[in-house]
Every structure is written in C-alpha cells, then in structure tokens.
Amino acid sequence: MTELLKQLTQINAPSGQEEEMRQFIRAHIPPTAEIKEDALGNIIIHLSGHGKKMMFAAHMDEIGIMVTYVEDNGYLRFTNVGGVSTANALHSKVVFPGGIKGIITTGDSKKKDLKLADMYIDIGAKDKEEAEKLAPIGTTGVFCGAFDEIGGCVSSKALDDRAGCYVLLEALQQIGNHENDLYFVFTVQEEIGLKGAKTAAYGIEPDIGIAVDVTMCGDGIDGEKMAVKLGGGAAIKVRDSGMIAHPAVRSLLVETARENDIPFQFEVLSGGTTDASGIQITKSGTPAGAVSIPCRYIHSAVELVSMEDLHSIVQLVRAVAEKTI
Ligand code: CO
Ligand code: ZN
C-alpha cells in the first residue's frame, strides 16, 4: 500500500512540468476507465453514470525553484515556483532534469530577514559556462526528500499533493456501483494558482466539486492554534483563505462519514487553499468542498501524513462517489 505512495512522491513534477505524473497515472488506473487529457495537461478519468456530475480533484504538481541567473563562479540564483519559504529552502537539496543536484545555501545564514534572493544553488560547477550547460536559465528543480515510514506515518517531499493523487487512485480501484457521473481529475499547476482545476471544471461543468489535498495541522508545540490533528481522520473543510465550502457539500461529506463510521474532523485553515476554490468560481459557479489530508511540515522536503488518515480519506471519497445524491 505504501509502495504506490512512495512511487508517487518520488516522481519529479513541478508546476507546468507534470509529464512524468501523467504517464504514471495512465499506467495505474483501471483498464476500463475512460481517460481524457485537456489542453493544459489535466488527466480526466470518467466513470459514467446517469446521476449527478461529481468531480474529484487532486493536483499532480509540486512546488520547486527556477533558475533566474548564473553567477560567474557557477552559482545559480533562483526564484520560487509555488510557496517556498526561506526556512524550508535553506540547506535543502534540489534536483534538476537529468538528475543534476544542487544545495540551496547562502553567504550569511545569520542575516536578518533572509530572502530567497539572498540564496543561491551550488551545483558543484567550476564556472558560469559549466553551470549554464547543466542548468540553463529557466530550468526548474524540485526538492529532494526521501520517502520514509515513521511510526504509523510516512514522510517525503511532495506529499502535497501526491497523497491526494494516491487517495484518488485507491478510490478508483475500490469503487463499486455508482449512480453519479464521476470525474476523477488529476490537475496541473495548482501550486501557482489552481490553473488546471479551473479549466477542468469549465470543461466538465460538474454539479459538485470536491478537492482532495493536504491541510496544516495545529498539533505542534507552538505556532498558530488550529483544530486539525494528525491521525484525527479525514479533515472536512469548512473554510480556508480561498473559499467557504458549500454547506451542502460539507453536509454530504459529514453525513457520509457518519453513515460509514469514518473518523473525521473539521478544518478551518487560515492560510492556503485548494483546487476546490478554483472549481467553485468556474463558469457560473459550482458547489464545492474539500476532504483534506492532515499534514505536518507542508511545503518542506519532509512533509508528514498518517497512513490511517489516508485510509479514512480513501473510504470517504469512495463512499461519497458511490452515494446517490
Ligand atoms: Co501545496
Ligand atoms: Zn496541495
């Protein structure tokens, strides 16, 4: 079970370069499913039914960095692709296409208000010419972060949102009879503005949209108070900084969890959003909500999720997909 998740997390697919993920998804869906790919590169799996159109979305892309400038001595300056904090970036390893690795470092790590612009990537190049060959301007890299099992949890880079992709793939394998007209969408470019979810929803025109993505946990020693706990079950979104979940979608998720004895908790996230907020305001609007995966250390190379939570979330997605509404 963790093998599939491990494979998903170790694929390198920054926003806009999701090709490896597309190939992987195509190879891991039920043979009878109908697959479409749209102009942006979303993978849309359709399981047809006569009932309501229900769209589930998990994003294939991950955060990364892009080379902006090459110094004379061969160090690379870079910018972020998606939400990259200085704390998570400093002294992380990144990998570029072709397997070229680098270390994000800085001349003075004690500097106050350290910014990404103060940092550079050391790829071991001897000069500008060599560095430009290995990682030309515009090259995108992703963070290196091995997959490990820690207690009942797993840790890796890109659990945001390969954990969501894993949930959709597992649910697809388990789905039984369903009245709903189901769309399982593996979206592109979520991290830079929910691009794929918007175009996919425009094309599908779902009656209801549900994103499956990670959310923060409030169970650290200090930091902002938040009710979501690792191991506390599926986090049903009430709101985040991009949307208020549609009350009917929220109720559908809560009732389905109760009927099936699936552990759940409510999520109110003050910073961040998901594909659901893109789906919600596409065309003339779609009732949307989200099932969130509690995750510690989001947007770092050591994101941490609970396998038990993932199991609960697979069950909830499957049960909602099968439920006639
Ligand atoms: Co993210
Ligand atoms: Zn995400």
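In this text, residue positions in the sequence shown follow my numbering: the first is 19, and each later residue adds one.
Each residue gets a CB set at the ideal place from its N, CA and C atoms; glycine is no exception.
When burial is assigned at 16 or more other CB atoms within 10 Å of the CB, is residue i buried or exposed?
{"i": "residue 32", "result": "buried"}
{"i": "residue 191", "result": "exposed"}
{"i": "residue 209", "result": "buried"}
{"i": "residue 302", "result": "exposed"}
{"i": "residue 50", "result": "exposed"}
{"i": "residue 30", "result": "buried"}
{"i": "residue 239", "result": "exposed"}
{"i": "residue 181", "result": "buried"}
{"i": "residue 266", "result": "exposed"}
{"i": "residue 97", "result": "exposed"}
{"i": "residue 193", "result": "buried"}
For residue i, which residues from the same chain have a beta carbon less than 8 Å from its beta carbon, with the 5 sequence-adjacent residues on both sides left out?
{"i": "residue 168", "result": "322"}
{"i": "residue 170", "result": "249, 324, 325, 326"}
{"i": "residue 225", "result": "70, 71, 72, 304, 305"}
{"i": "residue 148", "result": "92"}
{"i": "residue 272", "result": "254, 282"}
{"i": "residue 156", "result": "84, 85"}
Distance, Cα to Cα, residue i vs residue j?
{"i": "residue 46", "j": "residue 300", "result": "29 Å"}
{"i": "residue 91", "j": "residue 137", "result": "14 Å"}
{"i": "residue 262", "j": "residue 338", "result": "20 Å"}
{"i": "residue 270", "j": "residue 131", "result": "45 Å"}
{"i": "residue 247", "j": "residue 237", "result": "6 Å"}
{"i": "residue 44", "j": "residue 278", "result": "30 Å"}
{"i": "residue 85", "j": "residue 113", "result": "12 Å"}
{"i": "residue 20", "j": "residue 212", "result": "27 Å"}
{"i": "residue 159", "j": "residue 207", "result": "15 Å"}
{"i": "residue 144", "j": "residue 95", "result": "15 Å"}
{"i": "residue 201", "j": "residue 142", "result": "45 Å"}
{"i": "residue 287", "j": "residue 196", "result": "32 Å"}
{"i": "residue 127", "j": "residue 109", "result": "10 Å"}
{"i": "residue 334", "j": "residue 185", "result": "10 Å"}
{"i": "residue 81", "j": "residue 36", "result": "11 Å"}
{"i": "residue 65", "j": "residue 284", "result": "29 Å"}
{"i": "residue 53", "j": "residue 61", "result": "7 Å"}
{"i": "residue 235", "j": "residue 63", "result": "30 Å"}
{"i": "residue 291", "j": "residue 173", "result": "22 Å"}
{"i": "residue 318", "j": "residue 68", "result": "42 Å"}
{"i": "residue 328", "j": "residue 42", "result": "20 Å"}
{"i": "residue 275", "j": "residue 343", "result": "15 Å"}
{"i": "residue 331", "j": "residue 183", "result": "12 Å"}
Under 8 Å by Cβ, that's how I've got residue i and residue j pegged, so tell me the actual separation to the nearest angstrom.
{"i": "residue 336", "j": "residue 189", "result": "5 Å"}
{"i": "residue 230", "j": "residue 76", "result": "5 Å"}
{"i": "residue 308", "j": "residue 255", "result": "4 Å"}
{"i": "residue 221", "j": "residue 56", "result": "6 Å"}
{"i": "residue 163", "j": "residue 175", "result": "3 Å"}
{"i": "residue 58", "j": "residue 214", "result": "5 Å"}
{"i": "residue 134", "j": "residue 107", "result": "6 Å"}
{"i": "residue 252", "j": "residue 280", "result": "6 Å"}
If you measure from the CB of residue i, is any heavy atom of the ligand NAD nearer than 8 Å?
{"i": "residue 290", "result": "The ligand NAD is not among the ligands present in this structure, which contains only the ligand CO and the ligand ZN."}
Only counting the same chain, and skipping five residues up and downstream in sequence, which positions put a Cβ closer than 7 Å to that of residue i?
{"i": "residue 3", "result": "Outside the shown range of the chain (19 to 343) lies residue 3, about which nothing can therefore be said."}
{"i": "residue 24", "result": "165"}
{"i": "residue 216", "result": "296, 300"}
{"i": "residue 177", "result": "27, 232, 313, 321, 323"}
Residues around the ligand ZN, please: the condition is that the C-beta lies closer than 5 Å to some non-hydrogen atom of it. Going by the Cβ distance cut-off, the answer is 178, 179, 231.
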